[in-house]
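Per UniProt numbering, the sequence shown runs over residues 1 to 126.
Glycine is no exception: its CB is placed at the ideal position from the N, C-alpha and C atoms.
The model shown is predicted, which means the values in this text are computed figures rather than measured ones.
Heads up, the thing below is written out as structure tokens.
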Amino acid sequence: MKNRKLLIVDDESHIRMLIEQTLEDLEDEGVELLFAENGEQALEMIQREKPHLVFLDVMMPKMNGMQVCQKVKKELGLNEVYIILLTAKGQEIDRQQGMEMGADRYMTKPFDPDEMLDIATEILKV
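Rendered as structure tokens:
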């Protein structure tokens with residue numbers, strides 16, 4: 001399976017960069033890394049690029065990660081897009097809400113780069 005795409009969505013550039021550094025080795029395996037800095041941009045990119053995996057920050061301007069997730073999964077029905085919500089809020093209620101919006105997984109910040117890479121590798125079958 002080639003032409004796999006992975007979208008990184010976070011409104012903080014240093015976090016996007018950190019995730020990019022964590023996952024850049026996947027590019028050697030043919031994975032294209034895409035980036036968005038807010039929910040609206042993310043939604044447009046998901047519809048246009050149909051990434052296989054999205055690391056999606058929850059707290060963002062314009063449209064938060066929960067709203068993006070809900071639109072992608074519930075309204076657009078893009079269930080083949082695997083969405084992992086990233087959030088600083090680690091309470092069970094937040095995780096539950098994320099799963100209700102259609103998220104496939106939930107990771108709390110600060111995340112473990114090795115775990116993030118392992119998950120991406122597993123999902124993208126690299």
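- Short of 6 Å from the beta carbon of Ala-103, and not among the five residues preceding or following it, lie these beta carbons of its own chain, in chain order: Cys-69, Ile-83, Leu-85.
- Boundaries for Ala-120: no beta strand (DSSP E) harbours it, while the alpha helix (DSSP H) harbouring it runs 113-124, taken from the DSSP string.
- Going by DSSP, Glu-32 is part of no alpha helix (DSSP H) but of the beta strand (DSSP E) stretching over 31-36.
- Shown here, Val-58 sits in coil according to DSSP, grouped into three states, outside any helix or strand.
- Around the beta-carbon of Gly-98, 16 or more other beta-carbon atoms lie within 10 Å, marking it buried.
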